[in-house]
Amino acid sequence: MRYVKFILIALFVLIIDQSSKLWVYANMHLGEEFVLFNVIGLKWLKIHYTLNPGMAFGILLPPPYGKIMLSVFRIVAVIAISIYLKRQIDRQAHWGLLVSMTLIIAGALGNVLDSMFYGIFLKNNLPADAPFAFLHGQVIDMIFTDFWQGILPEWIPLLGGTYFAFPIFNIADSSIFVGVVSIILFQKKFFPKTDSSQEFLQTETSAESTSGLK
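Residue numbers (UniProt numbering): 1 to 214.
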């Protein structure tokens, strides 16, 4: 029973993620965009249908097997983090850490499902140079925070003079981001360090008490 609530959280994220992706696929054309909330102050939040062919840290891995390597890495990462999460649940770790890790796993699994099956079941999703469909599906992205886009000033190191636009992402990416940021922000609470000097004093006191009873 102690695992059920975390499984339910992961399933909730997966359902929202996959539902949003399939809705965009069924109702929009590739490259189509609309403002999500057409009110003053929120017009920067848009839905923009695009496909991610398989990038890691902004680098497109070389075909034909780069996407397979990325997909396999994601699958291994999901399994490894899931095993670690199980151990942390058994140890009754901080609930915030457990929820954060669950969000990371759910987000990673959401994008893994895209890679595994979208190339098989969704029309026009499979890249033209893919040797086969399995593990070559393209991830559907749609959330666009269009705060600003344009040419960066020349005085900015390395990036000056280049075009910039905020990246387009999906619910799975958001889940991973929230989980990672939460762990970074609350790491002292999630991973409390025991005071070794205090432990030593407690041990000495316990030893003295024990010797006094003999």
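Just so you know, even glycine gets a beta-carbon here, dropped at the ideal spot from N, CA and C. Because the structure is a prediction, the values reported are computed rather than measured.
Nearest-angstrom Cβ-Cβ length linking residue i and residue j, presumed shorter than 8 Å
{"i": "residue 119", "j": "residue 172", "result": "Not really, about 17 Å apart at Cβ, beyond 8 Å."}
{"i": "residue 108", "j": "residue 77", "result": "6 Å"}
{"i": "residue 51", "j": "residue 170", "result": "No, residue 51 and residue 170 are not in contact; Cβ-Cβ is about 11 Å, not under 8 Å."}
{"i": "residue 68", "j": "residue 135", "result": "5 Å"}
{"i": "residue 9", "j": "residue 99", "result": "7 Å"}
{"i": "residue 6", "j": "residue 89", "result": "7 Å"}
{"i": "residue 166", "j": "residue 141", "result": "Wrong, their Cβ atoms sit about 12 Å apart, outside the cutoff."}
Chain-order list of residues whose beta-carbon lies under 8 Å from that of residue i (same chain, five-residue window excluded)
{"i": "residue 33", "result": "46, 47, 48, 49, 144"}
{"i": "residue 160", "result": "152, 153, 154"}
{"i": "residue 174", "result": "107, 143"}
{"i": "residue 37", "result": "43, 45"}
Buried or exposed (CB count within 10 angstroms, at least 16 for buried), residue i
{"i": "residue 15", "result": "exposed"}
{"i": "residue 209", "result": "With a pLDDT of 44 at residue 209, under the threshold of 50, the modelled position of that residue is not reliable, and the figure given next carries that caveat. Classification for residue 209: exposed."}
{"i": "residue 102", "result": "buried"}
{"i": "residue 1", "result": "exposed"}
{"i": "residue 29", "result": "exposed"}
{"i": "residue 31", "result": "exposed"}
{"i": "residue 168", "result": "buried"}
{"i": "residue 190", "result": "buried"}
{"i": "residue 139", "result": "buried"}
{"i": "residue 24", "result": "buried"}
{"i": "residue 184", "result": "exposed"}
{"i": "residue 71", "result": "buried"}
{"i": "residue 115", "result": "buried"}
{"i": "residue 85", "result": "buried"}
{"i": "residue 19", "result": "exposed"}
{"i": "residue 150", "result": "exposed"}
{"i": "residue 158", "result": "exposed"}
Start and end residues, alpha helix (DSSP H) containing residue i
{"i": "residue 178", "result": "171-185"}
{"i": "residue 25", "result": "4-27"}
{"i": "residue 93", "result": "Note, residue 93: premise wrong, no alpha helix (DSSP H); not H, not E."}
Host beta strand (DSSP E) of residue i (start-end)
{"i": "residue 215", "result": "What is shown of the chain runs 1 to 214, which leaves residue 215 out entirely."}
{"i": "residue 166", "result": "Unbroken run through residue 166: none, as it is neither H nor E."}
{"i": "residue 52", "result": "45-52"}
Other residues of its chain near residue i: CB distance less than 6 Å, five sequence neighbours each side excluded
{"i": "residue 164", "result": "152"}
{"i": "residue 17", "result": "110, 171, 172"}
{"i": "residue 229", "result": "The structure shown has nothing for residue 229, since the chain only spans 1 to 214."}
{"i": "residue 11", "result": "none"}
Sequence-distant residues of the same chain with beta carbon closer than 7 Å to residue i, five excluded per side
{"i": "residue 82", "result": "105"}
{"i": "residue 207", "result": "For residue 207, the predicted structure reports a pLDDT of 47, less than 50, and the residue's modelled location is therefore unreliable. The matter cannot be settled from this model."}
{"i": "residue 128", "result": "none"}
Residue ranges of each beta strand (DSSP E) run of no fewer than 3 residues wholly in the region 126-160, ordered along the chain? 139-145, 149-151
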